[in-house]
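Undergrad: Got a structure here, written out as structure tokens. Questions coming.
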Amino acid sequence: MRARDPFRNRGEQIDGSFELANEVYLLEAKWLNAPVSVGDLHTFHGKIEQKAAWARGLFISYSGFSEDGLGRGKRIVCMDGFDLGEAFRRQIPVSSVIEQKARRAAETGSCFVSVRNLYPE
Numbered sequence: 085m086r087a088r089d090p091f092r093n094r095g096e097q098i099d100g101s102f103e104l105a106n107e108v109y110l111l112e113a114k115w116l117n118a119p120v121s122v123g124d125l126h127t128f129h130g131k132i133e134q135k136a137a138w139a140r141g142l143f144i145s146y147s148g149f150s151e152d153g154l155g156r157g158k159r160i161v162c163m164d165g166f167d168l169g170e171a172f173r174r175q176i177p178v179s180s181v182i183e184q185k186a187r188r189a190a191e192t193g194s195c196f197v198s199v200r201n202l203y204p205e
């Protein structure tokens, strides 16, 4: 993965970006005690929609996502703190997790699939 530091465009802030498998991802990360709500996801999706058609988004929320937040048909994939912990514990490269989440999103329309579902033990 080739990463870029946080950057700001007029009226918006992006936590970072990276390139993975020839795809550009914009990154949003929330390290809150409560699950991310639909409003935060819609805001980030709006930022992605204003970019090139091939841009994707990765939204990481330490505390997960509210049920109403996880919609379908977005150009973003989501990870939570449990996903990161599972990937590290099981020594699954985060780049592989992101690729599998993107593939599952393309196939099912679901922006969040847990690492446990992607990589059953």
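Our numbering runs 84 ahead of the 1-based position in the sequence shown.
Beta carbons: idealized from backbone N, C-alpha and C, even for Gly.
Just so you know, these numbers come straight off a predicted model, no measurement behind them.
Considering Cα atoms alone, identify which of Arg200, Gly193, Ser145, Ile160 is closest to Arg173.
TA: For Arg173, the nearest C-alpha among the options comes from Arg200.
Undergrad: Applying the 10 Å Cβ sphere with the 16-neighbour rule, what's the burial state of Ser179?
TA: Exposed, by the Cβ-count rule.
Undergrad: Out of Glu191, Ile182, Gly193, Phe196, which has the shortest C-alpha to C-alpha gap to Val108?
TA: Residue Ile182 is the option with its Cα nearest to Val108.
Undergrad: Report buried or exposed for Gly169, applying the criterion of at least 16 other Cβ atoms within 10 angstroms of its Cβ.
TA: Exposed, because fewer than 16 other Cβ atoms sit within 10 Å of the Cβ of Gly169.
Undergrad: Could you check how far apart the C-beta atoms of Ser150 and Ser121 are, in whole angstroms? I think they sit under 8 Å.
TA: Their Cβ separation, rounded to whole angstroms, is 5 Å, which keeps Ser150 and Ser121 in contact under 8 Å.
Undergrad: How big is the Cα-Cα spacing for Pro202 and Lys158?
TA: Residue identity check: residue 202 is Leu in the sequence provided, not Pro. If you take the alpha carbons of Leu202 and Lys158, they lie about 19 Å apart.
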